[in-house]
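**Student:**
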Amino acid sequence: DFVNSFARTDLGQLTSDPVMKPFAEEMANELRSRLSETQLRLGLKWEDLQAVAAGEICLAQMQPGNEKGAHATALIVNVTGRQKAVTKLLTKIKGTMAQRKATASQVEITNHQATKYVLPKKPTRPKAHEALIVVDGPQLVICSHQDTLIEIMTHRDNQTVNNFTTSADFTRVTAGLEA
């Protein structure tokens with residue numbers, strides 16, 4: 155269970171400390187708020203994520219590339235051993251998207267099958283919104299921008315991509331910690 159697993163982590167124990175409780179509640183409310191922004195597209199709620207999460211959940215908002223005014227939301231969830239819950243969630247999303255008259259298609263994203271939903275334009279939303287979903291092994295990846303999903307999956311799959319752990323500063327600092 156995600157909640158119980160989190161409670162056993164150092165961070166979970168820290169957030170249950172009475173002194174930290176107000177901060178932890180504020181962060182939880184912020185996460186719920188951010189998730190409700192994505193609910194407008196997928197119909198997801200915090201409880202849906204709790205049902206599928208077996209571990210880490212990452213929710214990020216970013217500006218893709220150099221697209222002025224563009225934004226992307228990405229959600230990555232560890233769903234190890236939660237296939238039944240994932241199937242139920244995907245069925246819920248499919249129903250929500252059908253109600254919202256989204257078109258659905260299968261696309262390939264860096265050798266991974268993705269379901270792509272495109273919500274139609276509206277007078278209040280002159281640009282069509284999209285949501286792409288990939289379930290690959292232990293991860294559920296949902297993203298609102300195809301090029302951003304391509305970058306996420308490329309970085310995830312490509313073990314040679316440079317990141318902070320390959321930097322000289324990181325190596326120096328971690329060597330100092332091990333001493």
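For my numbering, count along the sequence shown from 1 and bump the result up by 154.
Ideal placement from N, C-alpha and C gives every residue a C-beta, glycine not left out.
Here the structure is a predicted model, which is why all the values come from computation and not from measurement.
#1: Using the Cα positions of R236 and T278, report the straight-line distance between them to the nearest angstrom.
#2: Nearest to L294 by alpha carbon, out of N265, T241, P172 and G197?
#3: Could you work out which residue in V272, E179 and G197 is closest to K255 when comparing CA atoms only?
#4: Buried or exposed: which applies to D171, given that a residue is buried once 16 or more other Cβ atoms fall within 10 Å of its Cβ?
#5: Taking Cβ positions, are Q215 and T227 nearer each other than 8 Å?
#6: Which residue spans inside the stretch 241-304 form an unbroken alpha helix (DSSP H) run of at least 4?
#7: Could you tell me whether the Cβ atoms of Q148 and L286 are closer together than 8 Å?
#8: In chain order, what residues of the same chain lie with their CB nearer than 7 Å to the CB of A208, ignoring the 5 residues before and after it?
#9: Going by the DSSP bridge assignment, what does I306 pair with across the sheet?
#10: Rounded to whole angstroms, how far is the Cβ of T269 from the Cβ of Q260, which I believe are closer than 8 Å?
#11: Here's the rule I'm using: 16 or more other beta-carbon atoms within 10 Å means buried, otherwise exposed. How should L229 be labelled?
#12: On the DSSP bridge list, what partners appear for V173?
#13: Which residues does DSSP pair with L229 in a beta bridge?
#14: At the level of alpha carbons, what is the spacing between G291 and A258?
#15: Check this for me: beta carbons of V288 and L243, under 8 Å apart or not?
#16: Is T234 helix, strand or coil when you go by DSSP?
**Tutor:** Here's the rundown:
#1: Along the sequence shown, one-based indexing puts residue 236 at 82. Along the sequence shown, one-based indexing puts residue 278 at 124. Per the coordinates, the alpha-carbon of R236 lies some 37 Å from the alpha-carbon of T278.
#2: Mapped onto the sequence shown, residue 294 falls at position 140. It is T241.
#3: Locating residue 255 in the sequence shown gives position 101, counting from the first residue. Nearest C-alpha to K255: V272.
#4: Counting from 1 along the sequence shown, the entry for residue 171 is found at position 17. That one is exposed.
#5: By one-based count along the sequence shown, residue 215 stands at place 61. By one-based count along the sequence shown, residue 227 stands at place 73. Yes; because the gap between Cβ atoms is below 8 Å, this pair is in contact.
#6: Positions of the alpha helix (DSSP H) runs, each at least 4 residues long and wholly inside the stretch 241-304, cannot be given because no such run exists.
#7: The chain is shown only over 155 to 333; residue 148 falls outside these bounds and no answer can be derived.
#8: Here residue 208 is taken as the residue at index 54 of the sequence shown, counted from 1. Contacts found: F156, N232, V233, T234, G235 and R236.
#9: What you label residue 306 is simply residue 152 of the sequence shown in a count that begins at 1. Answer is none; I306 lacks a bridge partner.
#10: Position 115 of the sequence shown, counted from the first residue, corresponds to residue 269. Position 106 of the sequence shown, counted from the first residue, corresponds to residue 260. Between Q260 and T269 the Cβ distance is about 6 Å, and since that is below 8 Å, they are a contact.
#11: In the sequence shown, counting from the first residue as 1, residue 229 sits at position 75. Answer is buried; the Cβ neighbour count reaches 16.
#12: Indexing the sequence shown from 1 puts residue 173 at position 19. Partner(s): none; V173 has no beta bridge.
#13: Numbered from its first residue, the sequence shown carries residue 229 at position 75. Partner(s): L213 and I296.
#14: Reading the sequence shown from its first residue, position 137 is the one you call residue 291. Reading the sequence shown from its first residue, position 104 is the one you call residue 258. Distance between the alpha carbons of G291 and A258: 22 Å.
#15: As a first step, residue 288 must be located in the sequence shown, where it is residue number 134. As a first step, residue 243 must be located in the sequence shown, where it is residue number 89. With contacts defined by Cβ atoms closer than 8 Å, V288 and L243 do not form a contacting pair.
#16: Taking the first residue of the sequence shown as position 1, residue 234 is located at position 80. In the three-state DSSP reduction, T234 falls in the coil class, being neither helix nor strand.
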